[in-house]
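Trainee: For the protein sequence lines, the chains are F and E, in the order given.
So in full-length UniProt numbering, spot 212 of the first sequence is number 212, and the numbers just go up one at a time.
So in full-length UniProt numbering, spot 66 of the second sequence is number 66, and the numbers just go up one at a time.
We put the CB at the ideal spot given by N, CA and C, even for glycine.
All figures in this text were calculated on a predicted structure; none of them were measured in a lab.
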Amino acid sequence: MAEEVKVFGAWGSPFSRRVELALQLKGVQYEYIEEDVLKNKSPLLLKYNPVHKKIPVLLHNGKPIAESLVILEYIEETWKGNPILPEDPYDKAMARFWANFVDEKCLPVLRKAGWSQESEREKVVEEACECLKTLESALRGKRFFGGDTVGMVDIAANFIGYWLRVIQEATGMEVLSAEKFPELFKWTDEFVSCSIVKGSLPPRDKLLAFVKARIAAGMDQAPTNASK
Amino acid sequence: MEEVKLLGTWGSPFSYRVLWALKHKGVKYEYVEENVFNKSELLLRSNPVHKKIPVLFHGGKPIAESIVILEYIEEIWPENPLLPQDPYERTLSRFWIKFGEDTAPAFYKFFHTVGEEQVKATKEARQLLKIIEEHGLGEKKFFGGDKIGLTDIAYGWVACWLDVLAEAAGVQLLESDSFPRLQAWAENFKEVPLIKENLPNRDKMLTFFTLRREKIIASANS
Chain F
1 MAEEVKVFGA WGSPFSRRVE LALQLKGVQY EYIEEDVLKN KSPLLLKYNP VHKKIPVLLH
61 NGKPIAESLV ILEYIEETWK GNPILPEDPY DKAMARFWAN FVDEKCLPVL RKAGWSQESE
121 REKVVEEACE CLKTLESALR GKRFFGGDTV GMVDIAANFI GYWLRVIQEA TGMEVLSAEK
181 FPELFKWTDE FVSCSIVKGS LPPRDKLLAF VKARIAAGMD QAPTNASK
Chain E
1 MEEVKLLGTW GSPFSYRVLW ALKHKGVKYE YVEENVFNKS ELLLRSNPVH KKIPVLFHGG
61 KPIAESIVIL EYIEEIWPEN PLLPQDPYER TLSRFWIKFG EDTAPAFYKF FHTVGEEQVK
121 ATKEARQLLK IIEEHGLGEK KFFGGDKIGL TDIAYGWVAC WLDVLAEAAG VQLLESDSFP
181 RLQAWAENFK EVPLIKENLP NRDKMLTFFT LRREKIIASA NS
């Protein structure tokens with residue numbers, strides 16, 4: 001039976017790349033559809049995600065699922081190979097805890113830090129560092145949050161693993177450094193050098209140029225209307 | 001059988017979510033009341049990241065964040081399931097549970113604001129209720145279908161806390177003519193024996209929230 005899997009995403013979005021990474025880790029074939037989230041969302045996207053009108057959306061045999069972490073849970077339950085959640089229920093709960101921590105605490109404050117004005121930067125960067133310090137404690141000497149292999153927390157933290165350093169380069173703002181967070185910084189290197197992850201990331205030059213262009217255009221807000 | 005302990009507070013909807021799930025599955029547990037204005041060593045040690053209740057202990061190991069706890073309970077005690085068997089339906093449940101969590105700050109804003117800000121916040125809360133009613137609940141009796149499920153438990157605060165908060169804050173929210181289906185759901189939810197027999201005292205809640213509201217107004221005017 002032919003299975004139809006489609007991903008509606010945006011090339012630069014960490015949220016849609018989360019979904020693609022999970023599918024690629026599990027060897028699931030899918031069709032990718034690029035959405036113009038800033039200027040012209042497609043009627044299909046609006047139909048499949050009427051509540052949020054955002055990417056990513058996973059379409060599996062015609063049924064749409066929105067919200068990247070919710071999609072990851074679905075992917076995990078549907079395609080059993082190369083699990084991204086631990087089998088032990090307690091460890092699984094811990095993984096969900098940390099994935100939520102990344103989404104609900106880390107990302108909002110990192111976004112604020114990345115797009116902050118000079119005047120408020122120090123305070124916002126301090127808040128962001130607090131978050132990263134807490135997140136780093138979840139690594140506890142492991143290669144990945146998921147242990148020996150990339151798991152849900154690693155996938156959820158992809159923004160920190162890749163996007164953050166690009167934004168830091170573009171803005172001159174520094175939250176994540178090897179000096180301040182040696183373990184977390186090392187994790188970012190492990191993350192991006194993992195072959196499947198590498199293949200799932202947007203090209204660095206293109207992403208850097210995009211971020212720089214937004215700064216140059218005087219945008220003081222990251223694109224928040226696009227993805228989750 | 002490993003020991004189960006719940007660290008919660010008498011008036012917290014988050015605490016009650018876990019309590020309802022445990023009782024629904026017939027799990028024996030010890031309840032420990034936490035004083036959130038004077039947090040215990042146990043709480044700070046078991047939830048160092050957020051320092052919040054509820055915390056569930058199973059065989060001495062702590063789990064924090066009510067939704068994470070609910071998923072754990074569902075997995076450890078699969079009898080009387082609260083999530084659908086079908087993966088897609090489970091995902092829809094998770095989507096709506098997440099929607100409730102993500103929009104909660106926007107929801108509670110009406111309680112924490114005054115004047116124009118409160119008017120705006122109340123309007124936004126009503127818009128969110130509309131989305132939940134139309135897209136989440138639809139024509140169903142419960143979010144879980146014919147019986148309550150995890151989504152109903154997660155939205156329990158809409159059925160049992162929202163009207164108390166609204167009364168304390170002097171606003172109107174879940175009236176039956178504006179949200180007939182959601183209102184009907186709330187009534188049905190409160191009639192489920194598990195819920196009916198396990199709710200904080202409404203008068204006690206109203207007194208508590210009225211006091212909180214007075215402090216909010218006082219500091220807004222100072």
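F/Ala138 lies in the alpha helix (DSSP H); which residues open and close that run?
Mentor: Here F/Ala138 belongs to no alpha helix (DSSP H), and DSSP marks it neither H nor E.
Trainee: Along chain E, in chain order, which residues have C-beta atoms closer than 7 Å to that of F/Ala157?
Mentor: None at all; the shortest Cβ gap to chain E is about 15 Å.
Trainee: Look at the alpha carbon of F/Cys106 and the alpha carbon of E/Pro180, and state the distance between them as a whole number of angstroms.
Mentor: Distance between the alpha carbons of F/Cys106 and E/Pro180 is about 38 Å.
Trainee: With H, G and I counted as helix, E and B as strand and the rest as coil, what does DSSP make of E/Ala64?
Mentor: E/Ala64: strand per DSSP, three-state reduction.
Trainee: Could you check which residue in E/Phe142, E/Gly138, E/Arg202 and E/Lys147 has the C-alpha nearest to that of E/Ala168?
Mentor: Of the candidates E/Phe142, E/Gly138, E/Arg202 and E/Lys147, the one whose C-alpha sits nearest the C-alpha of E/Ala168 is E/Arg202.
Trainee: Who are the Cβ neighbours of E/Glu74 in its own chain at under 8 Å, not counting the five residues just before and after it?
Mentor: Within the same chain, E/Glu74 has close Cβ partners Ala21, Pro81, Leu82, Leu83 and Leu150.
Trainee: In terms of DSSP beta bridges, what is F/His52 paired with?
Mentor: F/His52 pairs with nothing; no bridge assigned.
Trainee: Would you say E/Thr122 faces chain F, with C-beta separation under 7 Å as the test?
Mentor: Chain F contact via Cβ: absent.
Trainee: Pick helix, strand or coil for E/Leu56, following the three-state DSSP scheme.
Mentor: Three-state DSSP puts E/Leu56 in a strand.
Trainee: For a contact meaning CB atoms closer than 8 Å, what does E/Val68 contact in chain F?
Mentor: Neighbours of E/Val68 on chain F, chain order: Ala93, Arg96, Phe97 and Asn100.
Trainee: Which ranges would you report for the alpha helix (DSSP H) in the UniProt domain "GST C-terminal" (88 to 215) of chain F if only whole runs of at least 4 residues count?
Mentor: Qualifying alpha helix (DSSP H) stretches, in chain order: 89 to 101, 107 to 114, 118 to 137, 152 to 156, 164 to 171, 182 to 193 and 195 to 200.
Trainee: If we count the other Cβ atoms within 10 Å of its Cβ and call it buried at 16 or more, is F/Glu3 buried or exposed?
Mentor: Result: exposed.
Trainee: Can you tell which of E/Tyr29, E/Tyr108 and E/Tyr72 has its C-alpha closest to the C-alpha of E/Ile216?
Mentor: Taking only the C-alpha atoms, the option nearest E/Ile216 is E/Tyr108.
Trainee: Name the residue from E/Met1, E/Leu6, E/Ser46 and E/Ala218 whose alpha carbon lies nearest to the alpha carbon of E/Thr113.
Mentor: The shortest Cα separation from E/Thr113 among E/Met1, E/Leu6, E/Ser46 and E/Ala218 belongs to E/Ala218.
Trainee: Expressed to the nearest angstrom, what Euclidean distance is found between the alpha-carbon atoms of E/Gln85 and E/Val68?
Mentor: Taking the straight line from one Cα to the other gives about 18 Å.
Trainee: Does the distance from the C-beta atom of E/His30 to that of E/Lys5 stay below 7 Å?
Mentor: In the sequence as presented, His is not what sits at residue 30 of chain E; that position holds Glu. Result yes, Cβ atoms of E/Glu30 and E/Lys5 sit closer than 7 Å.
Trainee: According to DSSP, what are the bridge partners of E/Ala104?
Mentor: DSSP output for E/Ala104 lists no bridge partner at all.
Trainee: Taking the alpha carbon of F/Met94 as the reference point, which residue from F/Cys131, F/Leu58, F/Gly151 and F/Val57 has its own alpha carbon closest?
Mentor: Considering only alpha carbons, the answer is F/Gly151.
Trainee: Report the option in F/Glu122, F/Leu110 and F/Leu135 whose CA atom is closest to the CA atom of F/Arg165.
Mentor: Checking every option, the nearest Cα to that of F/Arg165 belongs to F/Leu110.
Trainee: For the segment 122 to 138 of chain F against the segment 170 to 184 of chain F, are there 3 or more C-beta pairs whose distance is under 8 Å?
Mentor: Counting Cβ pairs under 8 Å, three or more are found: they touch.
Trainee: Compute the Euclidean distance between the alpha carbons of E/Ser23 and E/Ser66, then round it to the nearest angstrom.
Mentor: The identity of residue 23 of chain E in the sequence shown is Lys, whereas the question assumes Ser. If I take the Cα positions, the gap works out to 15 Å.
Trainee: Short of 7 Å in beta carbon distance, which residues of its chain neighbour E/Gly11, apart from the five on each side in sequence? Order them along the chain.
Mentor: For E/Gly11, where only same-chain residues beyond five positions count, the Cβ hits under 7 Å are Pro200, Met205 and Phe208.
Trainee: Name, going along the chain, the residues of the segment 137 to 156 of chain F whose beta-carbon falls closer than 8 Å to a beta-carbon of chain E.
Mentor: Residues passing the 8 Å Cβ filter: none.
Trainee: Indicate whether at least one CB of chain F lies closer than 7 Å to the CB of E/Pro87.
Mentor: Chain F, which has a Cβ nearer than 7 Å to the Cβ of E/Pro87, makes this yes.
Trainee: Assuming the contact rule is C-beta atoms closer than 8 Å, E/Leu44 and E/Leu7 should be a hit. Round their C-beta distance to whole Å, please.
Mentor: Not confirmed; about 11 Å, so no contact.
Trainee: Relative to the C-alpha of E/Cys160, which residue among E/Gly145, E/Ser178, E/Lys147 and E/Ala184 is closest?
Mentor: Residue E/Ala184 is the option with its Cα nearest to E/Cys160.
Trainee: List the residues of chain F that E/Lys61 touches, going by C-beta distances under 8 Å, in chain order.
Mentor: By Cβ distance, chain F contributes Tyr90.
Trainee: For E/Thr210, which of E/Leu165, E/Glu191 and E/Pro193 has the nearest alpha-carbon?
Mentor: Selected option, being the one with the closest Cα: E/Leu165.
Trainee: For E/Phe142, which three-state DSSP category applies?
Mentor: Residue state, collapsed to three classes: strand.
Trainee: Can you confirm whether E/Lys215, when its beta carbon is compared against all beta carbons of chain F, has any partner nearer than 7 Å?
Mentor: Output row for E/Lys215: interface = no.
Trainee: Helix, strand or coil for E/Glu87, going by three-state DSSP, please let me know.
Mentor: Going by the sequence as given, residue 87 of chain E is Pro instead of Glu. E/Pro87: helix per DSSP, three-state reduction.
Trainee: On the criterion of 16 or more Cβ atoms from any shown chain inside 10 Å, does F/Ala66 qualify as buried, or is it exposed?
Mentor: Buried is the call here.
Trainee: Answer yes or no: does any C-beta atom of chain E fall closer than 7 Å to that of F/Glu3?
Mentor: No, no contact with chain E.
Trainee: By alpha-carbon positions, which one of E/Lys141, E/Glu133, E/Glu197 and E/Phe110 ends up nearest to E/Asp163?
Mentor: Closest by alpha carbon: E/Phe110.
Trainee: Taking 7 Å as the threshold (beta carbon to beta carbon), is E/Glu75 in contact with chain F?
Mentor: With 7 Å as the cut-off, E/Glu75 counts as an interface residue toward chain F.
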